[in-house]
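In the numbering used here, the protein residues as written are 18 to 392. We treat Cβ as the ideally placed atom computed from N, Cα and C, and that holds for glycine. If you're wondering where the values come from, they're calculated on a predicted model, not measured in any experiment.
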Ligand code: PLP
């Protein structure tokens, strides 16, 4: 089945009791036991499993081509579950350029519980190889990365990691399974902040993990899910499942508009650099062309001058909302350095854009007018 068809049908069934085509939301926290002690519907207690969450997990499992999936309350809860399935003294590699929350979680919180980490430039395969140790259990990939939009060669890193006996987890939030298939490229686990493109409407928070094999490690992840309790609530699971149905068509529009905007920005004298893997000048373009069906809806660019010029530009834009996050219908623009604080790796003139579903020409017109004041 093709991806568009899967996105509409995976995890869905007509409700057997009412014939409802859109699934009901099961808010019940508990499920009745039969006289013989069994649970006829297969559900016991909402933290362990719930029909809406199970439907979402089945949908995401199919979309990523995995053996099993688990849905969480947020992308960070899903991320945390992976690391909690490791043990004290285990070593992990994380990308230098990664979602800020991942770096904070690993370096500021999990280090206190005995997790040892090394931040590596994942685009430098020799650096990845050097950083691997006998205790390395896991290599975390995020591609395209945040906020410099770097591209990591998933297959190459997976080969190195597997050679050293480590698992590979790929944060596929930005690419989505529509554009990149990490499990087919050798990753062992895929992570999603479903808060972003999968939910797709800036109105629900969630996270998910999809595993290539339903192995002992993933059983531990599921244990963290059920006993740690950071699960996707029924309504949230329902909203993400609904969002997924239009994912392929939304992603096409995000990609088209991002490419148009990136080309415009690359030709503008007030812009020093554009980070978008669809541009032939991007250092990760060849790898992106190999492992992505399209180049995604996220870009960043550096305004000539620096912080004041970048912040000033955001106040003149009318269609670009100044807000964090990504993957919704509305275009968002963000000055990452001021959001991340003193330890940021983002250049001061850098603005990150989540390109929405507006007409690309309207976005270019708005940007052109707002940039005019700089050049
Ligand atoms: N991974 C990436 C790439 C993200 O952009 C984000 C959030 O922005 C997360 C993970 C964390 O997701 P959440 O905010 O749902 O916890």
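Query: Contact test: residue 121 Cβ vs ligand 1 heavy atom, cutoff 7 angstroms; Result: no
Query: Distance, residue 141 Cα to residue 112 Cα; Result: 10 angstroms
Query: Any chain C beta carbon closer than 8 angstroms to residue 124; Result: Any reference to chain C falls outside this structure, which holds one protein chain only.
Query: Bridge-paired residues (DSSP) for residue 112; Result: 137
Query: Proximity below 8 angstroms, CB of residue 203 to CB of residue 172; Result: yes
Query: Touching by the beta-carbon criterion (3+ pairs, under 8 angstroms), the segment 242–251 and the segment 261–281; Result: no
Query: Cβ-heavy atom distance, residue 212 to ligand 1, below 7 angstroms; Result: yes
Query: Of the listed residues 242, 207 and 239, nearest to residue 226 (C-alpha basis); Result: 207
Query: Coarse secondary structure for residue 157, derived from DSSP in three states; Result: strand
Query: N- and C-terminal bounds of the beta strand (DSSP E) containing residue 149; Result: Unbroken run through residue 149: none, as it is neither H nor E.
Query: Reduced DSSP category for residue 211 - H, G, I as helix; E, B as strand; rest coil; Result: coil
Query: Delimiting residues of the beta strand (DSSP E) encompassing residue 65; Result: Neither: residue 65 is in no beta strand (DSSP E) and is coded neither H nor E.
Query: Boundaries of the beta strand (DSSP E) in which residue 385 is found, first to last residue; Result: Where residue 385 is concerned, there is no enclosing beta strand (DSSP E), although the alpha helix (DSSP H) it sits in stretches over 377–389.
Query: Proximity to residue 259 [Cα-Cα], best of 39, 19, 180 and 20; Result: 39
Query: Range of the contiguous alpha helix (DSSP H) that encloses residue 118; Result: 117–121
Query: Host alpha helix (DSSP H) of residue 330 (start-end); Result: 324–333
Query: Residue burial classification, residue 299 (beta-carbon count within 10 angstroms, cutoff 16); Result: buried
Query: Exposure label - residue 352; buried when at least 16 CB within 10 Å; Result: buried
Query: Beta-carbon separation (whole angstroms), residue 213 vs residue 126, contact threshold 8 angstroms; Result: About 22 angstroms separates the two Cβ atoms, so there is no contact after all.
Query: First through last residue of the beta strand (DSSP E) which encompasses residue 351; Result: 349–351
Query: CA-to-CA distance, residue 179 to residue 23, given in whole angstroms; Result: 30 angstroms
Query: Cβ-heavy atom distance, residue 188 to ligand 1, below 7 angstroms; Result: yes
Query: Option nearest residue 315 by Cα separation, candidates 355, 274, 261 and 371; Result: 371
Query: Three CB pairs or more closer than 8 angstroms across the segment 187–201 and the segment 231–247; Result: no
Query: Environment of residue 167 [buried if 16+ CB atoms lie within 10 Å]; Result: buried
Query: Any non-hydrogen atom of ligand 1 closer than 7 angstroms to residue 10 Cβ; Result: The requested residue 10 does not occur in the structure, where the chain is confined to residues 18 to 392.
Query: Any non-hydrogen atom of ligand 1 closer than 7 angstroms to residue 93 Cβ; Result: yes
Query: Which of helix, strand or coil DSSP assigns to residue 224; Result: strand
Query: For residue 231, the residue or residues it bridges with in DSSP; Result: According to DSSP, residue 231 bridges with nothing at all.
Query: Boundaries (first-last residue) of the alpha helix (DSSP H) holding residue 365; Result: Careful: residue 365 lies outside any alpha helix (DSSP H) and carries neither H nor E.
Query: Among 132, 368, 46 and 285, the one whose alpha carbon lies nearest that of residue 99; Result: 132
Query: Beta-carbon proximity of residue 46 to residue 56, cut-off 8 angstroms; Result: no
Query: Closest Cα partner of residue 320 within the set 388, 218 and 230; Result: 388
Query: Exposure label - residue 34; buried when at least 16 CB within 10 Å; Result: exposed
Query: Whole-Å CB distance - residue 191 paired with residue 42, under 8 angstroms assumed; Result: In fact, because the Cβ distance is near 29 angstroms, the residues do not count as touching under 8 angstroms.
Query: Same chain only: Cβ atoms within 8 angstroms of residue 90, ignoring 5 sequence neighbours per side; Result: 222, 223, 224, 247, 248, 249, 250 and 253
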